[in-house]
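Undergrad: If you want the numbering used here, it's the position in the sequence shown, counting the first as 1, plus 188.
Where is the CB? At the ideal position from N, CA and C, for every residue including glycine.
Since the model is a prediction, treat every value here as computed from it, not as a measurement.
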Amino acid sequence: MEFLLQCVDLPLECIDQAIEKISRACGLLQANMNDATTRFRIPALCSGERGRPTLIVTYDQLEFLLELHFSVPDMARLLGVSKSTVKRRLCEYSLSVRQAYSVISDEDLKKHLEDFITQFPNSGYRVASGFFYLLCMLYLFQNTFIISRVQRSRLLAMLKAVDPLGTALRGVQLNIIQRRSYCVGAPLALWHIDGNHKLINWRIVIHGGIDGYSRKIMFLRASNNNRATTVLICFLAAVENFGLPVRVKSDKGGENVEVVRFMLEHPLRGAGNYKE
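1. Report the option in GLN287, MET406, ALA232 and PHE430 whose CA atom is closest to the CA atom of VAL269.
2. DSSP state of ILE398, grouped into three classes?
3. On a CA-only basis, which of LEU250, ARG409 and LEU301 is nearest THR273? Give me that one, please.
4. List the whole-angstrom C-beta distance separating GLU443 from ARG415, where the pair is believed to meet the contact cut-off of C-beta under 8 Å.
5. If you draw a straight line from the C-alpha of HIS257 to the C-alpha of ALA349, how long is it?
6. Cα-Cα, which of LEU297, LEU243, GLY373 and ASP248 is closest to LYS271?
7. Check for me: the alpha helix (DSSP H) holding ASP303 runs from which residue to which?
8. Whose CA, out of ARG367, GLN361 and LEU297, lies closest to the CA of VAL338?
9. Of the choices GLY400, ILE392 and GLU255, whose alpha-carbon is the least far from that of ARG368?
10. Please list the terminal residues of the continuous alpha helix (DSSP H) segment that includes GLY383.
11. Using the three-state DSSP reduction, which class does LYS348 fall into: helix, strand or coil?
12. Give a yes or no on contact between the stretch 425 to 433 and the stretch 395 to 412, applying the rule of three or more CB pairs nearer than 8 Å.
13. Is it true that the CB of VAL419 sits closer than 8 Å to the CB of VAL447?
14. Would you mind reading off the limits of the alpha helix (DSSP H) that contains ARG449?
15. Are the stretch 296 to 315 and the stretch 341 to 359 touching by the rule of at least three beta carbon pairs closer than 8 Å?
16. Using 10 angstroms around the beta-carbon of ASP351, count the other beta-carbons present and answer buried if the total reaches 16, otherwise exposed.
17. Taking all protein chains shown into account, do 16 or more other C-beta atoms lie within 10 angstroms of the C-beta of LEU387, making it buried, or fewer, making it exposed?
18. So for ILE207, helix, strand or coil by DSSP?
19. Assign ILE210 to one of two classes, buried (16 or more other C-beta atoms within 10 Å of its C-beta) or exposed (fewer than that).
Okay, structure coming up:
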């Protein structure tokens, strides 16, 4: 509550009204969550011609969802249709997700951002984006000026201009993982195998293998143990389905020893065909 009052100068009654409406909506959603009879379904129009019936998605529905800043995947899940259906209807009605972005000028955006950085100097892009969305929602209850969403590129550029030192310091503090780059010549040239043991307390161990060239998942299986024979069974099933890889790469875990033995003793393979 104190954060809201610091961000914008709004009457306490307006904020209480917004909280009351949100609480009422959450209660209705919770009451109807498991009731299949109350779930919304898009009506279908049968034209008598070949093909599936036409799903009736109205202009008002899409316009309402766009005003609430729903993305195309979110609208598709909410309406129970595919993303392509939503995109076609948006095109037919000359609507676009880009229309939901703000037309605020750079000067006004800079002014709002400077005021925000003055109050909250250690805030980055995520907090600033949430601040502008909060302004949009609060002004919407007053039916006054609506700031709406701001493009990520505009907000990042303006944030660098308003607070260059803070932006640089936050960039230095980020713990970015440096990924190794490598090149695999062809499919089946190199497989990576590994296991996930985060659920081992519940007797669930996940073993998987991926092709280094195509990134195709060669096998992925959840087992109740971490034995080397279990990993070998998964590996042999993948070999039967996709073929024998030239090389296999894994960590030094004991669950991979049977795969190592298989690759070293196979008549078409041998030493040098297994990497750690």
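TA: In this structure, then:
1. ALA232
2. strand
3. LEU250
4. 7 Å
5. 27 Å
6. LEU243
7. 294 to 307
8. LEU297
9. GLY400
10. Run containing GLY383: none in the alpha helix (DSSP H); it sits in the beta strand (DSSP E), 378 to 384.
11. helix
12. yes
13. yes
14. 445 to 453
15. yes
16. buried
17. exposed
18. helix
19. exposed
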